[in-house]
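Asks: Using numbering that gives the first Met the number 0, read the sequence shown as starting at 0 and increasing by one per residue.
All C-beta atoms in this analysis are idealised placements derived from N, C-alpha and C, irrespective of residue type, glycine included.
Just so you know, these numbers come straight off a predicted model, no measurement behind them.
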Amino acid sequence: MTQDELKQAVAREAVRHVVPGEILGVGTGSTVDYFIDELARAGVPIAGAVSSSERSAARLGRHGVALLDLNDVDSFPVYVDGADEIDGALAMIKGGGGALTREKIVAAVARTFVCIADSTKRVKVLGRFPLPVEVIPMARAHVARELAKLGGTPKRREGFVTDNGNEILDVHGLSILDPAALESAINDIVGVVANGIFARRGADVLLLGTSDGVRTVVR
Ligand code: 5RP
Numbered sequence: 000m001t002q003d004e005l006k007q008a009v010a011r012e013a014v015r016h017v018v019p020g021e022i023l024g025v026g027t028g029s030t031v032d033y034f035i036d037e038l039a040r041a042g043v044p045i046a047g048a049v050s051s052s053e054r055s056a057a058r059l060g061r062h063g064v065a066l067l068d069l070n071d072v073d074s075f076p077v078y079v080d081g082a083d084e085i086d087g088a089l090a091m092i093k094g095g096g097g098a099l100t101r102e103k104i105v106a107a108v109a110r111t112f113v114c115i116a117d118s119t120k121r122v123k124v125l126g127r128f129p130l131p132v133e134v135i136p137m138a139r140a141h142v143a144r145e146l147a148k149l150g151g152t153p154k155r156r157e158g159f160v161t162d163n164g165n166e167i168l169d170v171h172g173l174s175i176l177d178p179a180a181l182e183s184a185i186n187d188i189v190g191v192v193a194n195g196i197f198a199r200r201g202a203d204v205l206l207l208g209t210s211d212g213v214r215t216v217v218r
């Protein structure tokens, strides 16, 4: 199976985790694009969606899904999103698509985080994928110096502006042995909006696409 076929398979499986009649949280990325299309194809009725990006909002809108403002929502049962890497404890690196801050916010309000990923995303130790860090533009150089002190090599994502009007530093060369501790340490750097380690609020369920089918892992 190709990587795209694996993404499609987990997207199809994720539709089974959607609670009919409830609000749904929707992440961002190519796997989520497949999920949005599969959701529309399945015709599962939902009360509306809270989106983590303009990209997903546009796709949901094209399928006629009502978009809700997170400020008008107390809680909802399920958030579905992809990952760039995911480890055995279901901690993740996210933000390859640059939507990490809104993803983290929407995930914080969801009761269950369902991660959809193909088997190439599964790792023992997070960090081979460069860690995205969203920064306030005027703080970029300061944050880069602080990230270097933590052992990484930050590179500005050229020509990219987040949905929040900020910039992304992609941090290379990290071996993330304690994801929750590094997540907190990076959050403490002044000028950081959010970082792509999702450990303090990791996934609750992983739907992993493998050549033998979709494997469900529950934390
Ligand atoms: C976007 C993300 C995505 O979930 C992550 O990059 C995975 O993307 P894809 O499904 O395209 O592999 O965090 O900010």
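DSSP three-state call for PRO129: helix, strand or coil?
Replies: Note: PRO129 maps to coil in three-state DSSP.
Asks: Where the beta carbon is closer than 5 Å to any heavy atom of ligand 3, which residues qualify, in chain order?
Replies: Inclusion of ligand 3 in the displayed structure is not the case, the ligand content consisting of ligand 1 alone.
Asks: Please go through the segment 7-46 and give each complete alpha helix (DSSP H) segment of 4 or more residues, from N-terminal end onward.
Replies: With a minimum length of 4 residues, the continuous alpha helix (DSSP H) runs that stay inside the segment 7-46 are 29-41.
Asks: How long is the line joining the alpha carbons of PHE128 and ARG54, rounded to whole angstroms?
Replies: Cα-Cα distance, rounded: 22 Å.
Asks: Return the CA-CA distance between VAL108 and SER74, expressed in angstroms with no decimal places.
Replies: C-alpha separation (whole angstroms): 5 Å.
Asks: Pop quiz: GLY151 and VAL170 are said to be a contact at Cβ under 8 Å. What is the actual Cβ separation, rounded to whole angstroms?
Replies: Sure, about 4 Å apart at Cβ, within 8 Å.
Asks: Taking the alpha-carbon of ILE45 as reference, which of LEU149, TYR78, THR30 and GLN7 has the nearest alpha-carbon?
Replies: For ILE45, the nearest C-alpha among the options comes from TYR78.
Asks: Just curious, the beta strand (DSSP E) that VAL192 is in, first and last residue?
Replies: Note, VAL192: beta strand (DSSP E), 191-194.
Asks: Can you list, in chain order, the residues of its chain whose CB lies under 7 Å from that of ALA179, leaving out five sequence neighbours each side?
Replies: Excluding residues within five positions, the ones whose Cβ falls inside 7 Å are ALA198 and ARG199.
Asks: As a quick exercise: from LYS103, CYS114 and GLN2, pick the residue whose alpha carbon is nearest that of GLY195.
Replies: Selected option, being the one with the closest Cα: LYS103.
Asks: I need the DSSP call for LYS154, collapsed to helix, strand or coil.
Replies: LYS154: strand per DSSP, three-state reduction.
Asks: Suppose you measure from the CA of LEU99 to the CA of ARG144; what does that come to, to the nearest Å?
Replies: So the two alpha carbons sit approximately 21 Å from each other.
Asks: I need the straight-line Cα distance from SER174 to LEU125, nearest angstrom please.
Replies: If I take the Cα positions, the gap works out to 6 Å.
Asks: Please return the same chain residues whose Cβ sits closer than 8 Å to the Cβ of GLY60, not counting the five positions on each side in sequence.
Replies: Cβ neighbours of GLY60 beyond the five flanking positions: LEU66.
Asks: For ILE135, which of helix, strand or coil comes out of DSSP?
Replies: Three-state result, ILE135: coil.
Asks: Which residue marks the beginning of the beta strand (DSSP E) containing ILE185, and which one marks its end?
Replies: From DSSP, ILE185 is part of no beta strand (DSSP E) but of the alpha helix (DSSP H) over 178-186.
Asks: What number of angstroms, rounded off, separates the C-alpha of ASP187 from the C-alpha of GLY96?
Replies: Computed Cα separation, rounded: 23 Å.
Asks: Starting from GLY60 and walking both ways along the alpha helix (DSSP H), at which residues does that stretch end?
Replies: Residues 53-61.
Asks: Between GLU37 and the rest of its own chain, which residues show a CB-CB distance below 8 Å, the 5 nearest in sequence each way excluded?
Replies: These residues qualify, in order along the chain: GLN7, ALA10, ARG11, ALA13 and VAL14.
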